[in-house]
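Since the structure comes first, as C-alpha cells, the remarks are kept for the end.
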Amino acid sequence: MSTILLIEDDLGIAHPLSLYIKKAEYRVVHCEHGDDALKSFQECNPTLVVLDINLPGKNGFELCEEIREFSQVPIIVLSARNSEEDKLKLFELGADDYVTKPFSSGELMARISAVIKRSKPKKKSKNEQILNHFGTIFIDREKIQVFADEEEIPLTKTEFQILDYIIQNASKTIKRESIMKDVMGYNNYAYDRTLDTHIKNLRKKLENHIIISTVRGIGYTVKIPNNS
Numbered sequence: 001m002s003t004i005l006l007i008e009d010d011l012g013i014a015h016p017l018s019l020y021i022k023k024a025e026y027r028v029v030h031c032e033h034g035d036d037a038l039k040s041f042q043e044c045n046p047t048l049v050v051l052d053i054n055l056p057g058k059n060g061f062e063l064c065e066e067i068r069e070f071s072q073v074p075i076i077v078l079s080a081r082n083s084e085e086d087k088l089k090l091f092e093l094g095a096d097d098y099v100t101k102p103f104s105s106g107e108l109m110a111r112i113s114a115v116i117k118r119s120k121p122k123k124k125s126k127n128e129q130i131l132n133h134f135g136t137i138f139i140d141r142e143k144i145q146v147f148a149d150e151e152e153i154p155l156t157k158t159e160f161q162i163l164d165y166i167i168q169n170a171s172k173t174i175k176r177e178s179i180m181k182d183v184m185g186y187n188n189y190a191y192d193r194t195l196d197t198h199i200k201n202l203r204k205k206l207e208n209h210i211i212i213s214t215v216r217g218i219g220y221t222v223k224i225p226n227n228s
C-alpha cells in the first residue's frame, strides 16, 4: 500500500483530508510540526509528500529543499499562498505540483494519483533511444540528466519529463492538453497554471539553448536558437 506523508498543522484540514486519502486506499502518516517532518519522512518512507508551506518550525520551502537533498519522492505543495513567485521558488526547489487552498479533496486526490503514476519507472521499449538531443541540448533518459553545451542543467523530474516530451514532438505544435495528459497525468485540468510555471522555469534555465513559444489557445512550439 502506498504511503502519503501529510505535513499540515491545520487540524481542520488534516483530519478530513486524512480520512479522504484513506478511503482512496492509501496509508496516511500525519505530521503537524515542520521540525518533526524529516524524522517522520525517514520513519514512514512515503510514496508521496503533501506539504504545507506555513508550518511551525521549519517551513515548506526549507523542507522541500532538504528532502530534495536525499530523495526524489514526489512532493505536492498545499498552501493558501498563491503568488507566482512562491510557485516558481517551490518548483525550483523540486516540488512536483502546487495546490492552492481552498481546494477540492477530489481534485487533490486526482493530482496525488497522477503524480504517483508518472513517478513510477516506465518500461523502455526495445527501440526506444536512451539518449535524445536538440541543438546544444543533450538528454540522458536513463540517468535523467540534461546537458547544454556539455554543462549539466539541474531540472526537477517534472521539468525533465516535459522537456523530453516537447523535444520529441518538436516538429509540430504541441497541445497543452497533450502535455497535461501524457506527461503530467491530468485529464480534467486543461487550464491549470502549474504547466505554465514549469514552462517558465524551463525557459529560464535553458534560455540560450531552446526557444519555447506559446501558441495562444493551443500550446507550444519549440526551435533551436540561431546562435546555437
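Position 220 of the sequence shown, counted from 1, bears residue number 220 in the numbering used here, the numbering being contiguous throughout.
Ideal Cβ placement from N, Cα and C applies to all residues, glycine included.
- Taking Ser105 as the centre and dropping the five residues before and after it, the same chain places the C-beta of Tyr20 closer than 6 Å to its C-beta, in chain order.
- Within the same chain, and ignoring the five residues on either side of Phe91 in sequence, the residues whose Cβ sits closer than 6 Å to its Cβ are Thr197, Asn201.
- Under the three-state reduction of DSSP output, Gly34 falls in the helix class.
- Non-local C-beta neighbours of Asp52 in its own chain, meaning closer than 7 Å and more than five positions away in sequence, comprise Ile7, Glu8, Asp9, Gly60, Leu78, Ser79, ordered along the chain.
- Taking Arg118 as reference, the option from Gly185, His15, Lys23, Lys22 with the minimal CA-CA separation is Gly185.
- Here DSSP, grouped into helix, strand and coil, assigns Arg111 to helix.
- Look at His133 here: in three-state DSSP terms it is strand.
- Excluding five sequence positions before and after Phe134, the CB atoms of its chain that fall closer than 6 Å to its own CB belong to Ile167, given in chain order.
- Beta bridge pairing from DSSP links Ile4 with Val28, Leu48.
- Non-local C-beta neighbours of Asn187 in its own chain, meaning closer than 7 Å and more than five positions away in sequence, comprise Lys181, ordered along the chain.
- Remark: C-beta atoms of Ile179 and Leu155 do not approach each other more closely than 8 Å.
- When Glu25, Gly12, Thr214 are compared, the shortest CA-CA separation from Glu32 is found for Gly12.
- Pairing Glu107 with Ser171, the inter-Cα distance amounts to about 33 Å.
- By the Cβ neighbour-count rule, Asp149 is exposed, with fewer than 16 other Cβ atoms within 10 Å of its own.
- Between Leu48 and Ile144, the C-beta gap is not smaller than 8 Å, which leaves the two residues out of contact.
- Within the DSSP bridge table, the entry for Thr214 names Tyr220 as partners.
- Judged by DSSP secondary structure, Gln168 falls within the alpha helix (DSSP H) whose first and last residues are 157 to 168.
- Straight-line measurement puts the Cα of Thr3 at about 13 Å from the Cα of Met109.
- For Ala14, the secondary structure class from DSSP, reduced to helix, strand or coil, is helix.
- Taking the CA atoms as reference points, Ile174 sits about 26 Å from Ile75.
- Of Cys44, Met1, Leu206, the smallest CA-CA separation from Ala24 is found for Met1.
- The continuous beta strand (DSSP E) containing Ser79 extends over residues 75 to 79.
- For Asp97, the enclosing beta strand (DSSP E) covers residues 97 to 100.
- Cβ contact annotation for Ala37 (same chain, cutoff 7 Å, sequence separation greater than five): Ile7, Cys31, Lys58, Leu63, in chain order.
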